[in-house]
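Asker: Each number in the working numbering comes from the position in the sequence shown (counting from 1) with 126 added on. Sharing a structure here in structure tokens format.
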Amino acid sequence: MKRFDIRFVMGLIGLLGLCRCVQAETPNPAPLYQMPSGQKTQVDWSGMVLAPGSRTDIVDLKDPGVITRFWATFGPSKQLGLDNRLCRLLVINIYWDGSGKPAVSAPLSDFFCQPLELQAIENEFFASSNRFCVFDCSIPMPFRKSARIEVVNDSDRKIDFFHLVHVDCKPVGEDALYLHAHWRRQSNVSKQDSIVVLPEVAGKGRYLGTHWAVHQDRPGKNWTWYDRRSLIFTDKMNDTDAPTLKINSIDDYLLSGWWSREESHLPYSHRHAGRPYVHEAGDRLSIVMYRYHVKDAVWFHENVSYRLTGLGFDVGLSDWSCTAFFYLDKPANSLPDIQDAEIRTAGFTTKSNAGAAPP
């Protein structure tokens with residue numbers, strides 16, 4: 127009879143212990159057939175015409191609940207590039223608990239992770255089946271008293287708009303946080319300039335993730351443009367405080383790496399990070415990226431802010447549109463209002479497939 131290797135036995139015991147630890151720390155989700163007590167469902171589907179220059183409430187919900195799905199579409203045009211521009215002229219505003227200031231305020235396509243080119247996409251929170259103005263979001267959005275979704279049409283066209291909002295009608299716990307989203311655009315960014323993804327926000331909550339739409343002149347023969355440091359500050363008390371998260375290149379922050387060694391820079395979409403759109407024409411790059419902190423939560427108790435800093439590589443000017451998603455313990459924030467339509471649509475024409483950087 128062969129003797130057992132003591133190292134094998136001890137290793138097996140350790141593996142079994144690790145499995146028990148993982149099972150204890152990862153609660154099983156409720157079965158699909160299990161119905162919580164008092165659970166109710168509300169689904170709002172509707173179509174309407176958005177008049178030029180109008181502000182239209184598409185949903186006005188009362189009582190507590192959680193929005194679990196927000197789907198939308200509008201009638202696609204036949205003119206090349208027009209829908210991409212229209213999506214920057216349509217703004218989604220979401221108001222919580224009667225607040226007069228929207229917690230979420232972003233262009234339609236930027237919110238739904240298609241900021242430069244309408245396309246099929248799927249990740250943890252957003253999906254689209256094709257390029258014909260289809261948008262789907264499954265970020266949980268709790269509210270205690272009311273929820274109002276407004277669409278602003280800053281275009282000169284009538285738009286046939288359709289939406290579906292699915293709500294779990296139930297009490298919301300004291301520790302539930304409100305979803306916020308802030309959009310901002312910076313143009314003529316030099317290699318040394320910082321990019322403000324999220325100005326400092328006071329409160330308690332969780333940084334959820336970011337969508338980027340970037341135009342980069344002279345990105346470098348081997349893509350040196352992405353060597354920018356990600357700095358997320360939480361509970362910052364003074365300018366000497368170190369960031370909570372500090373990662374020296376965008377590819378690393380996006381859970382990837384070595385973009386400079388790729389033979390061809392192809393698009394990809396993973397659950398929590400990706401670059402679903404990549405377009406190189408001459409000496410100009412247009413790219414869409416996203417990153418979500420789902421299994422690697424970034425919590426804050428006093429404040430949060432996020433910026434990208436340049437490392438000084440020899441690249442051209444760039445243009446950055448950033449949508450920052452975060453949960454906050456209050457229904458409104460003190461961030462600036464969304465930039466006007468002229469800034470949002472600069473470079474977007476009906477002659478190209480994707481919005482270009484402003485001249």
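For every residue, glycine included, the Cβ atom is placed at its ideal position computed from N, Cα and C. Note that this is a predicted model, so its numbers are computed, not measured.
#1: Grab me the residues of residue 246's own chain with a C-beta within less than 8 Å of its C-beta, minus the 5 sequence neighbours each way, in chain order.
#2: Are the CB atoms of residue 426 and residue 330 nearer to each other than 8 Å?
#3: Are the Cβ atoms of residue 273 and residue 185 separated by less than 8 Å?
#4: Inspect the CB distances between the stretch 272-286 and the stretch 212-224 and report whether three or more fall short of 8 Å.
#5: When we look at the beta-carbon of residue 409 and count the other beta-carbons within 10 Å, is it buried (16 or more) or exposed?
#6: Report the residue from 290, 311, 424 and 260 whose alpha carbon sits nearest the alpha carbon of residue 196.
#7: Is it buried or exposed for residue 390, if we count other Cβ within 10 angstroms and need 16 for buried?
#8: CB residue 459 to CB residue 177, shorter than 8 Å?
#9: Can the beta-carbon of residue 449 be found closer than 8 Å to that of residue 370?
#10: Could you check whether the stretch 315-328 touches the stretch 294-303, counting it as contact only if at least three pairs of C-beta atoms, one from each stretch, sit closer than 8 Å?
#11: Would residue 294 and residue 194 be called neighbours here (beta carbons separated by less than 8 Å)?
#12: How would you call residue 399, buried or exposed, if buried means at least 16 neighbouring beta carbons within 10 angstroms?
#13: Using three-state DSSP, classify residue 471 as helix, strand or coil.
#14: Taking the runs of the beta strand (DSSP E) that are 3 residues or longer, which of them lie wholly in the stretch 313-371?
#15: Leaving out five residues before and five after residue 252 in sequence, what residues of the same chain have Cβ atoms less than 6 Å from its Cβ?
#16: For residue 167 and residue 347, I'd like the C-alpha separation in whole angstroms.
#17: Assign residue 210 to one of three DSSP states: helix, strand, or coil.
#18: Run through DSSP, which three-state label would residue 478 get?
#19: Going by DSSP, which residues form a beta bridge with residue 252?
#20: Is residue 294 helix, strand or coil when you go by DSSP?
#21: Work out the CA separation of residue 231 and residue 221 for me, nearest whole Å.
#22: According to the neighbour-count rule (16 or more other Cβ atoms, all chains shown, within 10 Å of its Cβ), is residue 219 buried or exposed?
#23: Report the three-state DSSP secondary structure of residue 159 (helix, strand or coil).
#24: Give a yes or no on whether the C-beta atoms belonging to residue 433 and residue 277 are separated by under 8 Å.
#25: Tell me where the beta strand (DSSP E) around residue 196 begins and ends.
#26: Could you pull the DSSP bridge partners for residue 287 from this structure?
#27: What does the Cβ neighbour count give for residue 233, buried or exposed, with the cut at 16 atoms within 10 Å?
#28: For residue 338, count neighbouring C-beta atoms within 10 Å of its own C-beta (all shown protein chains included) and say buried if the count is 16 or more, exposed if not.
#29: Closest to residue 216 by C-alpha separation, out of 180, 378, 388 and 430, would be which residue?
#30: With a threshold of 8 Å on Cβ separation, who are the neighbours of residue 332 within its own chain once the five nearest residues in sequence on each side are excluded?
#31: In angstroms with no decimal places, state the Cα-to-Cα distance between residue 173 and residue 182.
#32: Assign residue 163 to one of two classes, buried (16 or more other C-beta atoms within 10 Å of its C-beta) or exposed (fewer than that).
Answerer: Concretely, from the data shown:
#1: Taking the sequence shown and counting its residues from 1, one reaches residue 246 at position 120. Result list for residue 246: 254, 255, 256 and 257, in chain order.
#2: By 1-based counting over the sequence shown, the position of residue 426 is 300. By 1-based counting over the sequence shown, the position of residue 330 is 204. Yes.
#3: Locating residue 273 in the sequence shown gives position 147, counting from the first residue. Locating residue 185 in the sequence shown gives position 59, counting from the first residue. Contact flag set, yes.
#4: yes
#5: On the sequence shown, position 283 is the one that residue 409 refers to. With fewer than 16 other Cβ atoms within 10 Å, it is exposed.
#6: To locate residue 196, count along the sequence shown from 1; it is residue 70. Residue 196 has its Cα closest to that of 290, out of 290, 311, 424 and 260.
#7: On the sequence shown, residue 390 is found 264 positions in, with the first residue counted as 1. Under this definition residue 390 is an exposed residue.
#8: For the purposes of this step, residue 459 is taken as the residue at position 333 of the sequence shown. For the purposes of this step, residue 177 is taken as the residue at position 51 of the sequence shown. In this structure, residue 177 does not lie closer than 8 Å to residue 459 by Cβ.
#9: As a first step, residue 449 must be located in the sequence shown, where it is residue number 323. As a first step, residue 370 must be located in the sequence shown, where it is residue number 244. No, the Cβ-Cβ distance between residue 449 and residue 370 is not below 8 Å.
#10: no
#11: Taking the first residue of the sequence shown as position 1, residue 294 is located at position 168. Taking the first residue of the sequence shown as position 1, residue 194 is located at position 68. It is a contact, given that the beta carbons lie within the stated cut-off.
#12: The residue given as residue 399 occupies position 273 in the sequence shown. Residue 399 comes out buried.
#13: Locating residue 471 in the sequence shown gives position 345, where the first residue counts as 1. Helix.
#14: 321-328, 331-343 and 354-360
#15: Your numbering for residue 252 matches position 126 in the sequence shown. Closer than 6 Å at the Cβ level, and outside the excluded window around residue 252, lie 238, 239 and 263.
#16: Your numbering for residue 167 matches position 41 in the sequence shown. Your numbering for residue 347 matches position 221 in the sequence shown. Cα-Cα distance, rounded: 53 Å.
#17: By 1-based counting over the sequence shown, the position of residue 210 is 84. In the structure shown, residue 210 sits in a helix (DSSP, three-state: H, G or I).
#18: On the sequence shown, residue 478 is found 352 positions in, with the first residue counted as 1. With a pLDDT of 48 at residue 478, under the threshold of 50, the modelled position of that residue is not reliable, and no figure is offered here.
#19: For the purposes of this step, residue 252 is taken as residue 126 along the sequence shown, with counting starting at 1. 263.
#20: For the purposes of this step, residue 294 is taken as the residue at position 168 of the sequence shown. Note: residue 294 maps to strand in three-state DSSP.
#21: Position 95 of the sequence shown, counted from the first residue, corresponds to residue 221. Position 105 of the sequence shown, counted from the first residue, corresponds to residue 231. If I take the Cα positions, the gap works out to 9 Å.
#22: In the sequence shown, counting from the first residue as 1, residue 219 sits at position 93. By the 10 Å Cβ count, residue 219 comes out buried.
#23: Counting from one through the sequence shown, the residue named residue 159 turns up at place 33. Three-state result, residue 159: coil.
#24: Stepping through the sequence shown from its first residue, residue 433 is reached at position 307. Stepping through the sequence shown from its first residue, residue 277 is reached at position 151. Cβ distance not < 8 Å, so residue 433 and residue 277 don't count as in contact.
#25: What you label residue 196 is simply residue 70 of the sequence shown in a count that begins at 1. Taken as a continuous stretch (DSSP letters only), the beta strand (DSSP E) holding residue 196 covers 191-200.
#26: Taking the sequence shown and counting its residues from 1, the one referred to as residue 287 is at position 161. Looking at the DSSP assignment, residue 287 forms a beta bridge with 174 and 200.
#27: Start at 1 with the first residue of the sequence shown, and residue 233 comes out as number 107. Burial call: buried.
#28: As a first step, residue 338 must be located in the sequence shown, where it is residue number 212. Flag for residue 338 reads buried.
#29: The residue given as residue 216 occupies position 90 in the sequence shown. Closest by alpha carbon: 180.
#30: Locating residue 332 in the sequence shown gives position 206, counting from the first residue. If we look at residue 332 and ignore the five residues flanking it on each side, its Cβ neighbours are 303, 419, 423, 424, 425, 426, 452 and 453.
#31: Position 47 of the sequence shown, counting from 1, holds the residue named residue 173. Position 56 of the sequence shown, counting from 1, holds the residue named residue 182. Near 12 Å, if we compare the C-alpha coordinates of residue 182 and residue 173.
#32: Here residue 163 refers to the residue found at position 37 of the sequence shown. Answer is exposed; the Cβ neighbour count stays below 16.
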